[in-house]
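Participant: My structure is below; once you've seen it, I'll send some questions.
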Amino acid sequence: MQEQTRVAAWHALPSDAVLTQLQSTPAGLRSEQAHERLLQYGPNVLPAAASRGVLARFLSQFNNLLIYVLLGSSVVTALLQHWVDTGVILAVVLINAVFGFVQEGRAEKALDAVKAMVSSRANVLRDGLRMAVPAQELAPGDCVLLEAGDRVPADLRLLRASSLKLDEAMLTGESVTVDKVADPVAADAALGDRRSMAYSGTLVAAGQGLGVVVATGARTELGLISTMLGSVQTLATPLTRLMDRFARQLTVTILSLSALMFVFALWVRDYDSADAFIAVVGIAVSAIPEGLPVVMTIALAMGVQRMAGRYAIVRNLPAVETLGAVSVICSDKTGTLTRNEMSVRAVVLSGALIEIEGEGYAPQGRFSLAGVQMDPAASTRLQYLAMGAALCNDAHVRQAEGPIWAVEGDPMEGALVTLAARAGLEVESLRKDWRRLDEVPFDAAHRFMATLHRPQAAAAVIFVKGAPEQVLAMCRDQQGDEGIQALDEAYWLAQIDTLAAQGYRVLALAGLAPEDGKDQVDMADIKGLTLLGVVGMIDPPRDSAKQAVRECRSAGIAVKMITGDHAATAAAIARELALADTIHVTSGHELDGLSDAELIEVARVSTVFARTSPEHKLRLVQALQADRSVIAMTGDGVNDAPALKRADIGVAMGITGTAAAKEAAGMVLADDNFATIVAAVKEGRTVYENLRKVIAWTLPTNGGQSIVIIVAILLGLSLPVTPVQILWVNLVTAVALGLTLAFEPPEPGLMQRRPRSPGEQLLQPYLLWRVVLVSALFALGCFGMFEWSLRRGDSIELARTIVVNALVIMEIFYLFSVRYTQGTSLSLQGVLGTPAVLLGVATVTVVQLLFTYAPPMQALFDSRPVDMTAGLLALGLGIALLLLLEIEKLLMRWLKPGVRA
């Protein structure tokens, strides 16, 4: 037997050739053969997922350059026995680590979720006898029996199929079950077209079959996805990349500056080495925005909470910010852009095309002929076709909850029942009156279904529905306006082609009056039929998706459809949704022949990718990322998991999604609605803009503190503020004040802006200017208050306490300024702030009063009580800062309109 590999041509080989290559028979393997092959190829299991332990996840929170600098500072202060400074620094680091650990969420479980898709038991033929064995003991050459409700335990080449239907949505994304046959198909058939194969993990929806195992474990299609998933690298988010780059730059700057100032303090200012070290620690802790990680974590967590209210469940914090940078959304079609409900949209009668409108499976609908509304009850031909659609049918449509109607059975048959109800028929009453005496079930071999009915007060009739070409070949005449007419085959073929080109799934319906007294029907009776008409059905787009696509295009976000469905159907939905001005469709077969460089260009210009495999989806995501796009990828099946993991933000369906898709994704849609993605993108943009405000507020305040210490060293002055006091200010105000900016509402016109570039620098020119300007103003204010206090005879401890209070007051007034980067803050709305801002200011006021007047805090931070004169002067300093910055904003808007931080 040939070595077991992923042979792409199993589906194209005749069944006897497959058995020959696998050295098997239709009666299965002998027990000893099966045992030998199990030893040779290993058990039929998928690789287990690797996961990080709790300790590793906690320690990873310290893997940050800025944290390293703080830890180094704590070591220096400990060596100098400055235990308060050491304790405060370590407390800050520990708080950051705890926040990050708590918010990180669960470890990766995607591979385990894929593993759970494999069946646990299998019915096989061994030694010519049927027996049940654990699925993990299957080997190539085993013959497996399939029945309705089974999960396929391995990749099988079908040897026999009797009305066999498989649900392959987890692999192909198609919601309609697939009819399976034993005959070979084309060697280049796409995964969804390999009707002679049954793949591991898929479900048997109906019928029976027998298949020979051609691949097990990691060599199955499901195993390939598992292997791909394990090898896919999760990308860092845009903000993470920006912050890492910023941290490196800031760390180099801080360490270089600290080293220079240490040398200067020793050699030029004759500082004692211990005093020089403490001064350098002061520079480090003042320059490092140690509160920023905490605020960013909480801001992202707030975004997660708000998104949950919009049915978007975010699984990890950085995904929130990534949504704000999305420039391309790669969406599945079925159930995301569409309703996942088949609906008859067109009925073709002889000489008439009737269009039908309606929501889902609800019985209400609107019929129109040549654009004019019509009464379906007025057309005898339409009524008779609708009757055949309801009777030659095994599905039931019932009201599930409120206005929601659901189908029990095949979705395509459910659409036909709904057509009959919309035409005014009472379907259940009709079925009771027109008893079904016999039937020919649908089978992929003959591609039609026939039922025999005899009503109480009328002649018996046979109704037939099926593939249009097949039914048409069995017809000899047609139902016309004036009764039975000769069959116009050319007319019907043209109508069928037109509907198919528009993306409809087409079925034909026909009728036949059997011989009197006949109460059975068989294949020999299905001939000489009268064609009633053809119907075109489609899974229609969601109304909310249409509006969401318009919002995306307005926001500069491209929407691309990646589906396992046929090209014509996908293109029809894309046109109805207006995904682009011109719809370019590329098939999975065409993608196979493209190099990586060619694929980048094709991915850029194409709108729809049809008949795609998991490999195609992953390659498309990688190609779009190579084109410097930030990708959101939606999906619900196991086949989507590798692309979901690779995308910048993977979006899984919460209702129809598999566990593997949900675990691989960064976000889960609780309502499976594309519009929810767009709402989440808006929330992501809001979060990012608010984080920019946090950074615009944090960096200048830290910069001002650094300048104060640097200037003091350069001029040989006493430090106006100690390192531990700086840590107090940074920690308290960063959380209580900086955090309030995370609650700012979205700015007007947010979704009319183009997505930001993934390579955008964190420090934009205007923000850099703001850092320099505000840092200088803060430093001037601190030195001014320090000198004023010393000159009036205050102790250095009191002067430093006054500086700390002035610093906090200036930060409060700067907060009101930075809330509006473009508009003025000097308005009623700007002055009143938001509830979060008012709560933050009140909190800081209370804790700062404790810092100043509570004896324990005085002992810890060497603070002193401040008199009213100094307090009012500090308050006036804050007001002056706000006025100066508002004048600066006014000048900037006049000189450079549209500039933002």
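Going left to right, the sequence shown walks through residues 772 to 1672 as the working numbering numbers them.
The beta-carbon is built from N, C-alpha and C at its ideal position, and this holds for glycine as well.
#1: How many angstroms separate the CA atom of G745 from the CA atom of V1330?
#2: By the 10 Å Cβ neighbour count, where 16 or more other Cβ atoms means buried, how is I1658 classified, buried or exposed?
#3: Pop quiz: R897 and A986 are said to be a contact at Cβ under 8 Å. What is the actual Cβ separation, rounded to whole angstroms?
#4: From which residue to which residue does the beta strand (DSSP E) around V1168 run?
#5: Among the candidates A1230, T1269, T1469 and E1582, whose CA atom is the shortest distance from the CA of E1286?
#6: Please say whether F1445 and T1405 have beta carbons closer to each other than 9 Å?
#7: Whole angstroms are fine: how far does the CA of E1568 sit from the CA of R1635?
#8: Taking only heavy atoms of the ligand HEM into account, decide whether any of them is closer than 8 Å to the Cβ of Q792.
#9: Measuring only the C-alpha atoms, how far is R877 from L830?
#10: Spatial neighbours of A1508 within its chain, please: CB distance less than 8 Å, with the 5 preceding and 5 following residues excluded, ordered by chain position.
#11: Whose CA, out of A1261, Q792, I1480 and M941, lies closest to the CA of M1424?
#12: The alpha helix (DSSP H) with E1369 in it runs from where to where?
#13: On the three-state DSSP scale, how would you describe T987?
#14: Buried or exposed: which applies to D1043, given that a residue is buried once 16 or more other Cβ atoms fall within 10 Å of its Cβ?
#15: Determine the closest residue to S1560 out of T1572, F1017, E918 and G1455, with distance taken between C-alpha atoms.
#16: For Q773, count neighbouring Cβ atoms within 10 angstroms of its own Cβ and tell me buried if that reaches 16, exposed if not.
#17: Any idea if S1139 is buried or exposed, counting beta-carbon neighbours within 10 angstroms, 16 or more meaning buried?
#18: By a C-beta neighbour count over all protein chains shown, 10 Å radius and 16 as the cutoff for buried, is A1343 buried or exposed?
#19: Name the two residues that bound the continuous beta strand (DSSP E) containing G1304.
#20: Work out the CA separation of M1113 and I1466 for me, nearest whole Å.
#21: Buried or exposed for M1078, going by 16 or more other Cβ atoms inside 10 Å?
#22: Does the stretch 1295-1302 come close enough to the stretch 1244-1253 that 3 or more CB-CB pairs lie under 8 Å?
#23: Taking only three categories from DSSP, how would you classify S1139?
#24: Starting from C914, trace the beta strand (DSSP E) in both directions and tell me its first and last residue.
#25: With a CB to CB cut of under 6 Å and the five nearest residues on each side skipped, what residues in its chain are close to L1656?
#26: Return the Cβ separation of A1394 and I1371 in integer angstroms, given the expectation that the two are a contact with Cβ distance under 8 Å.
#27: Excluding the 5 residues flanking D1268 on each side, which residues of the same chain have their C-beta closer than 6 Å to its C-beta?
#28: Cα separation between V1373 and T1093?
#29: Rounded to the nearest angstrom, what separates A1513 and M1073 at their Cα positions?
#30: Just to confirm my understanding: we take K1317, look at its own chain, exclude 5 residues before and 5 after, and list those with CB closer than 7 Å. What are they?
#31: Mind the definition here: the stretch 1303-1316 touches the stretch 1212-1223 only if three or more C-beta pairs lie below 8 Å; say whether that holds.
#32: Measuring alpha carbon to alpha carbon, tell me which of V1545, V1099, D1443 and N1576 ends up nearest I1497.
#33: Start and end of the beta strand (DSSP E) containing Q1249?
#34: For a quick check, are the C-beta atoms of V956 and L937 less than 9 Å apart?
#35: Relative to the C-alpha of I799, which candidate in V923, L1661, L817 and L930 has its C-alpha closest?
#36: Is it a yes or a no for the stretch 1357-1367 touching the stretch 1125-1136, going by three-plus beta-carbon pairs under 8 Å?
Facilitator: Well, looking at it:
#1: No answer is possible for residue 745: it lies beyond the span of the chain, which begins at 772 and ends at 1672.
#2: exposed
#3: No, R897 and A986 are not in contact; Cβ-Cβ is about 19 Å, not under 8 Å.
#4: H1167 to E1172
#5: Out of A1230, T1269, T1469 and E1582, A1230 has the C-alpha closest to the C-alpha of E1286.
#6: yes
#7: Rounded to whole angstroms, R1635 and E1568 show a C-alpha spacing of 6 Å.
#8: The ligand HEM is absent from the structure shown, which contains no ligands of any kind.
#9: In this prediction, R877 scores a pLDDT of 36, lower than 50, which makes its location untrustworthy; the coordinate-derived value is nonetheless stated afterwards. Answer to the nearest angstrom: the Cα atoms are 15 Å apart.
#10: The displayed chain sequence assigns Leu, not Ala, to residue 1508. If we look at L1508 and ignore the five residues flanking it on each side, its Cβ neighbours are W1468, E1582, I1583, L1586, G1611, V1612 and V1615.
#11: M941
#12: Note, E1369: alpha helix (DSSP H), D1367 to V1376.
#13: DSSP places T987 in coil when its eight states are reduced to three.
#14: exposed
#15: Answer by Cα proximity: T1572.
#16: With a pLDDT of 44 at Q773, under the threshold of 50, the predicted position of this residue should be treated as unreliable, though the coordinate-derived value follows. With fewer than 16 Cβ atoms within 10 Å of its Cβ, Q773 is classed as exposed.
#17: exposed
#18: buried
#19: L1300 to I1309
#20: Taking the straight line joining both Cα atoms gives about 50 Å.
#21: buried
#22: yes
#23: strand
#24: C914 to E918
#25: S1588
#26: 5 Å
#27: Excluding sequence neighbours, D1268 sits near nothing in its chain.
#28: Going by the C-alpha atoms only, they are around 25 Å apart.
#29: 7 Å
#30: L1348
#31: no
#32: N1576
#33: C1246 to G1251
#34: no
#35: Per the sequence shown, residue 799 should be read as Gly rather than Ile. Of the candidates V923, L1661, L817 and L930, the one whose C-alpha sits nearest the C-alpha of G799 is L930.
#36: no
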